[in-house]
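Asker: One structure, pasted below without further comment.
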Amino acid sequence: MKIGIVGSRFQADCIAGAVKAMPEDGEVVAVASPTEGHAAGFAKRHGIPRAYTDYRELLRDPQVELISITAPNRLHAQITIDAAKAGKHVVCEKPLCLTLEEADAMIEACRKAGVLLLYAEELFFAPMDDCIEVFGDKGQTYADMLMGNALPTYSEVGLGYAVEKAATTRGWTYPVFEEHWNYGFPQEMRHFARCVRGTETPISDGDTGRVVQEVQYAAYASAGLGRTVLLPFRPTGVAKPIDLWKMPERARTTP
Ligand SMILES: NC(=O)c1ccc[n+]([C@@H]2O[C@H](COP(=O)([O-])OP(=O)(O)OC[C@H]3O[C@@H](n4cnc5c(N)ncnc54)[C@H](O)[C@@H]3O)[C@@H](O)[C@H]2O)c1
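What follows is the structure, encoded as structure tokens:
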């Protein structure tokens, strides 16, 4: 599978690293990022043959079969729709987009173009006994998703990098090992490449991302209203999910 990456920062590095770990199924052939020099630097760092400053140029690249969108959330819908029109399959980073209207438009554009819209929830692909915390009204249960794969470590001076979003490595930290593998990124990209080839059926697609979007709406609205919100939940006129927390009257107008 010939893959083009849109974006060149944190998540783009994860995807490039993930694809390198699955060379039998895919290869990154192009990257696009608007800041002068960033795409070229990323391409050099990862040995990618072509770099563009406009993602639309990447979409015109005839070698690219599948794109991975690692650009900011507000751009996911537009890039997906443009990619579908260009006949490229799409892997979209989470969250799928900002609104349910965008989710519907993305799903429809890909359906119409006959391309796959794959939703990059890498924890579906993370190994072993990784799990979640569940809180009920009469009890709770825990399972350790990532720390179960980490190394409990103490350092007085800090040790560089521990894991995504860990601001410090001084004192007790839980540095992850084999980070990409334990998050599931290579397994995810291998599965998506095989879906495009038709040998596997997507376990995470646009509809999956849309459900997550709806749950996000409901979670923010629940926080804003201070009460349980049941699904289905589809308020209109929402610009981004967090607005339902900050402006709970938006949720109250929902039929
Ligand atoms: N799956 C995960 O665990 C995970 C982890 C981190 C981030 N993400 C998601 O990945 C996406 C990117 O996150 P990040 O932390 O790398 O963000 P970032 O802000 O560090 O990087 C965004 C990249 O997109 C590029 N970009 C901006 N406008 C663009 C455009 N018009 N065309 C092409 N590229 C453009 C930027 O130049 C930058 O290279 C977000 O949607 C985020 O939610 C997912």
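Residues are numbered in this note's numbering as their position in the sequence shown, beginning at 1, plus a constant of 1308. For glycine and all other residues, C-beta sits at the position ideal for the given N, C-alpha and C.
#1: Taking 7 Å as the cut-off, does the CB of Arg1353 come closer than this to any heavy atom belonging to ligand 1?
#2: How about Val1423 and Val1398: do their beta carbons lie closer than 8 Å?
#3: For Ile1323, tell me which candidate among Leu1374, Arg1558, Asp1513 and Pro1494 has the shortest Cα-Cα distance.
#4: Pro1483: beta carbon under 7 Å from a heavy atom of ligand 1?
#5: By a C-beta neighbour count over all protein chains shown, 10 Å radius and 16 as the cutoff for buried, is Gln1371 buried or exposed?
#6: Identify whether Ala1470 lies in helix, strand or coil by the three-state DSSP scheme.
#7: DSSP three-state call for Pro1420: helix, strand or coil?
#8: Glu1496 lies in the alpha helix (DSSP H); which residues open and close that run?
#9: Taking 7 Å as the cut-off, is the CB of Ser1376 close to at least one heavy atom of ligand 1?
#10: Rounding to the nearest angstrom, what Cα-Cα distance links Ala1385 and Ser1316 in this structure?
#11: Around the C-beta of Met1309, are 16 or more other C-beta atoms found within 10 angstroms, so that it is buried, or is it exposed?
#12: With respect to the alpha helix (DSSP H) encompassing Arg1558, which residues constitute its N-terminal and C-terminal limits?
#13: Please report how far the alpha carbon of Gly1395 lies from the alpha carbon of Glu1522, in whole angstroms.
#14: Tell me which same chain residues have a C-beta within less than 7 Å of the C-beta of Asp1333, skipping the five on either side of it?
#15: Taking all protein chains shown into account, do 16 or more other C-beta atoms lie within 10 angstroms of the C-beta of Tyr1469, making it buried, or fewer, making it exposed?
#16: Under 8 Å, do Leu1408 and Tyr1528 count as touching if we go by C-beta distance?
#17: Compute every distance between the C-beta of Asn1490 and the non-hydrogen atoms of ligand 1, then say whether any falls below 7 Å.
Answerer: Concretely, from the data shown:
#1: In the sequence shown, the residue the question calls residue 1353 occupies position 45. False, no ligand heavy atom lies under 7 Å from that Cβ.
#2: By 1-based counting over the sequence shown, the position of residue 1423 is 115. By 1-based counting over the sequence shown, the position of residue 1398 is 90. Contact: yes.
#3: Looking up residue 1323 in the sequence shown gives position 15. Minimum Cα distance to Ile1323 is reached at Pro1494.
#4: Taking the first residue of the sequence shown as position 1, residue 1483 is located at position 175. The answer is no for Pro1483.
#5: As a position in the sequence shown, residue 1371 is number 63, starting the count at 1. Its Cβ having fewer than 16 others within 10 Å, Gln1371 is exposed.
#6: The residue given as residue 1470 occupies position 162 in the sequence shown. In the structure shown, Ala1470 sits in coil (DSSP, three-state: anything other than H, G, I, E or B).
#7: Here residue 1420 refers to the residue found at position 112 when the sequence shown is read from its first residue. The sequence shown places Lys at residue 1420, rather than the Pro named in the question. Correct three-state label for Lys1420: helix.
#8: Residue 1496 sits at position 188 when you count from the first residue of the sequence shown. Phe1493 to Arg1505 is the extent of the alpha helix (DSSP H) around Glu1496.
#9: As a working note, residue 1376 is residue 68 in the sequence shown. Answer for Ser1376: no, Cβ out of range of ligand 1.
#10: Residue numbering aside, residue 1385 sits at position 77 when the sequence shown is read from its first letter. Residue numbering aside, residue 1316 sits at position 8 when the sequence shown is read from its first letter. Approximately 18 Å between the Cα atoms of the pair.
#11: Indexing the sequence shown from 1 puts residue 1309 at position 1. The residue is buried, with at least 16 neighbouring Cβ atoms inside 10 Å.
#12: Against the sequence shown, residue 1558 aligns to sequence position 250. Run containing Arg1558: Glu1557 to Arg1560, per the alpha helix (DSSP H) assignment.
#13: Against the sequence shown, residue 1395 aligns to sequence position 87. Against the sequence shown, residue 1522 aligns to sequence position 214. For Gly1395 and Glu1522, the distance between alpha carbons rounds to 28 Å.
#14: Mapped onto the sequence shown, residue 1333 falls at position 25. Hits under 7 Å: Met1309, Arg1498, Ala1501 and Arg1502.
#15: Locating residue 1469 in the sequence shown gives position 161, where the first residue counts as 1. The residue in question, Tyr1469, is exposed, as its Cβ has fewer than 16 Cβ neighbours within 10 Å.
#16: On the sequence shown, position 100 is the one that residue 1408 refers to. On the sequence shown, position 220 is the one that residue 1528 refers to. No; because the gap between Cβ atoms is not below 8 Å, this pair is not in contact.
#17: Counting from 1 along the sequence shown, the entry for residue 1490 is found at position 182. Because no heavy atom of ligand 1 lies under 7 Å away, the Cβ of Asn1490 does not count as near it: no.
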